[in-house]
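43 is the number that numbering that gives the first Met the number 0 gives to position 44 of the sequence shown; each next residue is one higher, with no gaps. Even for Gly, the Cβ is constructed at its ideal location relative to N, Cα and C.
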Amino acid sequence: MVTFIPFGERPNREGVLYALQLLKRNKLIDDYVIVEASRVELLADRVPQDRAYIIGEHLATYGIIEKLQPKSLISVDAHTDLMHDYLDHGSWLAYALERRLIERAAVMAPVLMIPTTERTQLWTRRVKVFPATLRSRKVRGKWRAYKNFQTNSVDEIMDEAKKYLGEEVYLTVDMDVLRPEYKIARFQHGELTLEELLEILEAIKENFKIIAFDIAEISDRLRRSRLGKKAFFEVFQLLMG
Numbered sequence: 000m001v002t003f004i005p006f007g008e009r010p011n012r013e014g015v016l017y018a019l020q021l022l023k024r025n026k027l028i029d030d031y032v033i034v035e036a037s038r039v040e041l042l043a044d045r046v047p048q049d050r051a052y053i054i055g056e057h058l059a060t061y062g063i064i065e066k067l068q069p070k071s072l073i074s075v076d077a078h079t080d081l082m083h084d085y086l087d088h089g090s091w092l093a094y095a096l097e098r099r100l101i102e103r104a105a106v107m108a109p110v111l112m113i114p115t116t117e118r119t120q121l122w123t124r125r126v127k128v129f130p131a132t133l134r135s136r137k138v139r140g141k142w143r144a145y146k147n148f149q150t151n152s153v154d155e156i157m158d159e160a161k162k163y164l165g166e167e168v169y170l171t172v173d174m175d176v177l178r179p180e181y182k183i184a185r186f187q188h189g190e191l192t193l194e195e196l197l198e199i200l201e202a203i204k205e206n207f208k209i210i211a212f213d214i215a216e217i218s219d220r221l222r223r224s225r226l227g228k229k230a231f232f233e234v235f236q237l238l239m240g
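In structure tokens form, the structure reads like this:
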């Protein structure tokens, strides 16, 4: 079964319902359920134990993992979602780690590394970040490069992630990780091509047991994007296969 969660603002809600019609029209799903909630706190009681979730705002992932309680999580996303000010789509992963909904996490292919400020702190405990491009951080007074997809192979990153996370993971894929021409992201976008994203997802499938997954930040922009539809179909079919 596939669970559709039209959560968030109107573009996200409409986008998820449009994705449902696309998959039905192309005979890619038979059994599905729609779960709605006005607040993320309500989702854990409403979502079923499922293998696949199609969601709007990425905050919905917080509700899903509160239900499933996986030990480890991989997020493929243009953003780290590790801001630590208040619970929303930019901080859900930080709060999931802080509240021990998951023990460990890895963020793969972000390009927007939210800096730590007095007002908005960046959560850094029990999470590894593997940026899409070369990024550095200060460690004990020295600048060190993150292991990233620009200067390291996919296999190298998967090896390190597997040592850290273990074999079983929940996988969340934010479609804004793709470049702007795919016209999926409502706001900022990532730097991956579809081929690069599929290579990463193939490697995750080969190296981990995925207990469940979601495809996040589906919006009504999908309706008007030929490349976006192609990307959505291919990601869904790969993860369902």
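- In the three-state DSSP reduction, residue 17 falls in the helix class (H, G or I).
- By the C-beta density criterion, residue 35 is exposed, having fewer than 16 other C-beta atoms within 10 angstroms.
- Exclusion of the five residues before and after residue 1 leaves 28, 31, 51 as the residues of its chain whose Cβ lies within less than 6 angstroms of its Cβ.
- Assignment of residue 85 by DSSP, reduced to helix, strand and coil, places it in the coil class.
- Boundaries of the beta strand (DSSP E) harbouring residue 103: 103-107, taken from the DSSP string.
- Per DSSP, the beta bridge partners of residue 169 are 72, 211.
- When the alpha-carbon of residue 217 is set against those of 240, 9, 14, the nearest one is in 14.
- Between residue 174 and residue 215, the CB-CB gap stays under 8 angstroms.
- Judged by beta-carbon spacing, residue 163 lies beyond the 8 angstroms limit of residue 108, meaning their Cβ atoms are not closer than that value.
- Here residue 111 is near residue 77, since their CB atoms are less than 8 angstroms apart.
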